[in-house]
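Please read the structure below before turning to the comments.
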Amino acid sequence: MIAEGALALDPLVVGVILAMALVTALTKVGGLWVLRRIEVSERLEAGLSVLPGAIVIAILGPELAAGGPAEWGAAGVVLLVMWRTESILLSLCGGVGAVVLFRALV
Amino acid sequence: MTGFDGSDADHDPGDPAGRATDEPVAESRAPADERQPVTFSREGIRAGLLTCLPVAVGVGGYGVAFGMLARRAGLSVAEAALMSATVLAGAAQIVAVELWAEPLPVATIVLTTLAINLRYSLMGAALGPWLERLSPGRSYGSLLLMADENWALTMRDLKSGSGRGAFLLGTGIAMWCFWVASTILGAAAGGVIGDPARYGIDFVLAAVFVALAAELWEGRSTLVPWLVALATAVAAAELVPGRWYILLGGLAAAAVEVILHDR
Numbered sequence: 001m002i003a004e005g006a007l008a009l010d011p012l013v014v015g016v017i018l019a020m021a022l023v024t025a026l027t028k029v030g031g032l033w034v035l036r037r038i039e040v041s042e043r044l045e046a047g048l049s050v051l052p053g054a055i056v057i058a059i060l061g062p063e064l065a066a067g068g069p070a071e072w073g074a075a076g077v078v079l080l081v082m083w084r085t086e087s088i089l090l091s092l093c094g095g096v097g098a099v100v101l102f103r104a105l106v
Numbered sequence: 107m108t109g110f111d112g113s114d115a116d117h118d119p120g121d122p123a124g125r126a127t128d129e130p131v132a133e134s135r136a137p138a139d140e141r142q143p144v145t146f147s148r149e150g151i152r153a154g155l156l157t158c159l160p161v162a163v164g165v166g167g168y169g170v171a172f173g174m175l176a177r178r179a180g181l182s183v184a185e186a187a188l189m190s191a192t193v194l195a196g197a198a199q200i201v202a203v204e205l206w207a208e209p210l211p212v213a214t215i216v217l218t219t220l221a222i223n224l225r226y227s228l229m230g231a232a233l234g235p236w237l238e239r240l241s242p243g244r245s246y247g248s249l250l251l252m253a254d255e256n257w258a259l260t261m262r263d264l265k266s267g268s269g270r271g272a273f274l275l276g277t278g279i280a281m282w283c284f285w286v287a288s289t290i291l292g293a294a295a296g297g298v299i300g301d302p303a304r305y306g307i308d309f310v311l312a313a314v315f316v317a318l319a320a321e322l323w324e325g326r327s328t329l330v331p332w333l334v335a336l337a338t339a340v341a342a343a344e345l346v347p348g349r350w351y352i353l354l355g356g357l358a359a360a361a362v363e364v365i366l367h368d369r
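Shown next, in the form of structure tokens:
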């Protein structure tokens with residue numbers, strides 16, 4: 001059942017993976033570490049408060065721009081289902097179903 | 107965060123008209139006030155885990171795709187699983203296995219991972235008003251399990267004033283389990299499934315973010331920073347190699363919000 005070599009661990013590969021894990025861990029804890037050491041003004045806090053949505057939009061924008069009518073239509077379906085049901089799971093199913101359908105049609 | 111710095115105190119008296127439009131912003135900041143205690147309880151972990159389950163299932167589709175890509179790039183199932191278990195950063199992992207080649211471009215892979223994941227510092231900082239009131243072990247430990255999706259869910263929960271400091275840990279546990287399991291599934295069964303685009307699996311991540319954007323929308327005050335983020339990210343994706351556009355889009359929106367704060 002398990003393909004040959006599936007459990008292989010090459011020392012160099014493991015080293016690269018652990019280096020990736022280390023820098024990722026530093027980025028994850030780094031923001032809070034810095035924040036604990038500086039005084040945050042109300043103004044900076046307002047800036048931080050828009051980060052959540054802004055980063056989501058920054059990830060989405062180029063991804064959808066690189067897509068086509070099928071992806072845009074499916075994104076619209078996700079929004080619609082989300083607006084109607086507020087269920088992430090239903091939205092995901094609707095979006096994935098829509099993208100498969102639209103790709104077949106376009 | 108109740109203390110004013112000098113510049114805020116200077117600007118307040120000169121801007122009485124701006125108060126009314128500021129209200130939604132002030133409201134969303136209220137939960138960060140000292141009066142709202144931040145707890146770290148088993149109940150918080152449970153709430154986070156259950157809330158994140160449907161999202162984690164969606165992320166699982168993405169993990170299957172990653173597992174397949176990793177296997178195609180030449181990683182073993184064990185290596186792909188190890189990467190998912192220790193790195194836990196979807197976009198960076200996918201890009202890393204795209205860079206995978208013989209001989210291994212170690213510096214490129216590690217630096218690209220750092221660049222893609224720098225946004226986590228901003229995201230961790232955004233959780234600061236709540237997490238900084240937990241012990242270092244609890245806050246930093248929770249942050250290690252932070253990924254895009256569960257961070258957004260946690261922001262929503264904490265902004266609502268729940269005070270559940272353990273929510274991030276709960277969502278992180280759900281994310282980790284599904285991410286690792288789906289990676290193993292994708293890597294082990296990769297050859298059988300074929301082209302992920304045929305089943306729309308490649309669209310799962312975009313769909314997750316559209317849904318999260320719908321949840322994070324806070325009305326008209328959100329419009330300007332989002333448009334700035336969108337324009338910056340789309341332009342940067344064209345001009346700058348790698349995934350810097352995520353970081354640049356977020357920073358540009360935050361900068362504009364800081365500049366426009368008094369209006």
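Protein chains in written order, with the working numbering: chain A, 1 to 106; chain B, 107 to 369. Note that beta-carbon positions come from the ideal geometry of N, C-alpha and C, so glycine has one too. None of these values were measured; they are calculated from a predicted model.
query = Which chain B residues are close to valine 14 of chain A, counting only those with a beta carbon under 8 Å from its beta carbon?
reply = Correct list: Glu185, Leu188.
query = Between the region 21–44 of chain A and chain B, which residues of the former have CB atoms less than 9 Å from a CB of the latter, in chain order?
reply = If the cut-off is 9 Å between Cβ atoms, the region 21–44 of chain A has Ala21, Leu22, Val23, Thr24, Ala25, Leu26, Thr27, Lys28, Val29, Gly30, Gly31, Leu32, Trp33, Val34, Leu35, Arg36, Glu39, Val40, Ser41, Glu42, Arg43, Leu44 near chain B.
inquiry  = Please report whether the beta-carbon of isoleucine 279 of chain B lies at a distance below 8 Å from any beta-carbon of chain A.
reply    = Chain A, which has no Cβ nearer than 8 Å to the Cβ of isoleucine 279 of chain B, makes this no.
message = Against chain B, does alanine 72 of chain A count as a neighbour if the rule is that its beta carbon must be under 8 Å from one of theirs?
response = The question names alanine, but residue 72 of chain A in the sequence shown is tryptophan. At a cut-off of 8 Å between C-beta atoms, tryptophan 72 of chain A does not count as an interface residue with respect to chain B.
key: Listed by chain order, chain B residues near leucine 9 of chain A by CB distance under 8 Å   = Those are Ser182, Ala184, Glu185, Leu188, listed as they occur along chain B.
inquiry  = I'd like the list of long-range same chain contacts for glycine 278 of chain B, defined as Cβ closer than 6 Å, with 5 residues on each side in sequence excluded.
reply    = Here the set comprises Leu251, Asn256.
query = Taking three-plus beta-carbon pairs below 8 Å as touching, is the region 259–268 of chain B in contact with the region 60–67 of chain A?
reply = Because the criterion of three Cβ pairs below 8 Å is not met, the region 259–268 of chain B and the region 60–67 of chain A do not touch.
key: Rounded distance between the beta-carbons of isoleucine 222 of chain B and arginine 197 of chain B, thought under 8 Å   = Checking the sequence shown, residue 197 of chain B turns out to be alanine, not arginine. A Cβ-Cβ separation of about 6 Å places alanine 197 of chain B in contact with isoleucine 222 of chain B under the 8 Å criterion.
query = Using a C-beta cutoff of 8 Å, does proline 130 of chain B count as contacting chain A?
reply = Reliability of the predicted coordinates at proline 130 of chain B is poor, the pLDDT of 42 falling under 50, and no value is obtained from them.
inquiry  = Below 7 Å, is the gap between the Cβ of tryptophan 285 of chain B and the nearest heavy atom of the ligand ZN?
reply    = As for the ligand ZN, it is missing from this structure, which has no ligand bound.
request  = Determine the DSSP secondary structure at arginine 36 of chain A, reduced to helix, strand or coil.
outcome  = Residue state, collapsed to three classes: coil.
task = Between the Cα of phenylalanine 309 of chain B and those of A:Trp33, A:Val99, A:Glu45, A:Gly53, spot the shortest distance and give me the residue it belongs to.
result = Of the candidates A:Trp33, A:Val99, A:Glu45, A:Gly53, the one whose C-alpha sits nearest the C-alpha of phenylalanine 309 of chain B is A:Val99.
key: Assumed close pair valine 23 of chain A, valine 203 of chain B - CB separation to whole angstroms, cut-off 8 Å   = Contact flag wrong, Cβ pair sits at about 16 Å.
query = Just checking my contact of arginine 262 of chain B with glutamate 321 of chain B at CB under 8 Å: how many whole Å lie between their CB atoms?
reply = The Cβ separation is near 6 Å, so the contact holds.
key: the region 47–61 of chain A in contact with the region 79–92 of chain A per 3-pair CB rule at 8 Å   = No: fewer than three Cβ pairs fall under 8 Å.
task = Within the same chain, show all residues whose beta-carbon is closer than 7 Å to that of threonine 338 of chain B, passing over the 5 residues directly before and after it, in chain order.
result = Leu354, Gly355, Ala358.
query = Which term fits glutamate 39 of chain A, buried or exposed, when burial requires 16 or more other beta carbons within 10 angstroms of its beta carbon?
reply = Here glutamate 39 of chain A is exposed. Its C-beta has fewer than 16 other C-beta atoms within 10 Å.
query = When we look at the beta-carbon of isoleucine 17 of chain A and count the other beta-carbons within 10 Å, is it buried (16 or more) or exposed?
reply = Isoleucine 17 of chain A should be labelled buried.
query = Mind pulling the chain B residues with CB within less than 7 Å of proline 128 of chain A?
reply = In this structure chain A extends from 1 to 106, so residue 128 of chain A is not present and cannot be described.
ask   = If you measure from the beta carbon of valine 78 of chain A to each beta carbon in chain B, is any gap under 8 Å?
value = Residue contact with chain B for valine 78 of chain A: present (Cβ-Cβ distance below 8 Å to some residue of chain B).
ask   = Can you list the residues of chain B that proline 52 of chain A reaches, using a CB-CB cut of under 7 Å?
value = Taking the beta carbon of proline 52 of chain A as reference, the chain B residues within 7 Å of it are Ala232, Ala258, Met261, Leu322, listed in sequence order.
ask   = Which same chain residues, not among the five before or five after tyrosine 145 of chain B, have their C-beta less than 8 Å away from its C-beta?
value = It should be noted that the sequence gives threonine, not tyrosine, for residue 145 of chain B. Leaving aside the five residues that flank threonine 145 of chain B on each side, the residues in its chain whose CB is nearer than 8 Å to its CB run, in chain order, Gly269, Arg270, Gly271, Ala272.
inquiry  = Give me the DSSP bridge partner(s) of threonine 145 of chain B.
reply    = For threonine 145 of chain B, DSSP records a beta bridge to B:Arg270.
request  = Return the Cβ separation of tryptophan 285 of chain B and valine 165 of chain B in integer angstroms, given the expectation that the two are a contact with Cβ distance under 8 Å.
outcome  = The Cβ separation is near 6 Å, so the contact holds.
request  = List the residues of chain A that valine 212 of chain B touches, going by C-beta distances under 7 Å, in chain order.
outcome  = Ordered by position in chain A, the residues that pass the 7 Å Cβ test against valine 212 of chain B are Val16.
task = List the residues of chain A whose Cβ lies closer than 8 Å to the Cβ of tryptophan 285 of chain B, in chain order.
result = Neighbours of tryptophan 285 of chain B on chain A: none; closest Cβ ~13 Å, over 8 Å.
inquiry  = When you compare the region 324–338 of chain B with the region 70–89 of chain A, are there three or more beta-carbon pairs, one atom per stretch, that lie closer than 8 Å?
reply    = Verdict: no, contact absent.
ask   = Taking the alpha-carbon positions, what's the leucine 259 of chain B to glutamate 324 of chain B distance?
value = Looking at the two C-alpha atoms, the distance is approximately 15 Å.
query = Straight-line CA distance for isoleucine 365 of chain B to leucine 44 of chain A?
reply = If I take the Cα positions, the gap works out to 9 Å.
key: Span separating the alpha-carbon of proline 331 of chain B from that of glutamate 363 of chain B   = Spanning the two alpha carbons is a distance of roughly 6 Å.
message = Here's a check: name, in chain order, each residue in its chain whose Cβ is nearer than 7 Å to the Cβ of tyrosine 351 of chain B, leaving out the five neighbours to either side.
response = The beta carbon of tyrosine 351 of chain B sits closer than 7 Å to the beta carbons of Ala339, Ala342, Ala343 from its chain, once the five residues preceding and following it are set aside; these are given in chain order.
task = Take leucine 26 of chain A as the anchor and find which of B:Ile307, B:Asp368, B:Met229, B:Ala176 has the nearest alpha-carbon.
result = Nearest C-alpha to leucine 26 of chain A among B:Ile307, B:Asp368, B:Met229, B:Ala176: B:Met229.
task = Ignoring anything shorter than 4 residues or poking outside the region 181–226 of chain B, list the alpha helix (DSSP H) runs there in chain order.
result = List check, alpha helix (DSSP H) in window: 183–192, 196–205, 212–223.
For tryptophan 323 of chain B, three-class secondary structure by DSSP = In this structure, tryptophan 323 of chain B counts as coil in the three-state DSSP scheme.
Other residues of its chain near valine 106 of chain A: CB distance less than 6 Å, five sequence neighbours each side excluded = For valine 106 of chain A, where only same-chain residues beyond five positions count, the Cβ hits under 6 Å are Pro69, Ala70.
request  = May I ask you to report which of helix, strand or coil DSSP gives glycine 5 of chain A?
outcome  = Here glycine 5 of chain A sits in coil by DSSP.
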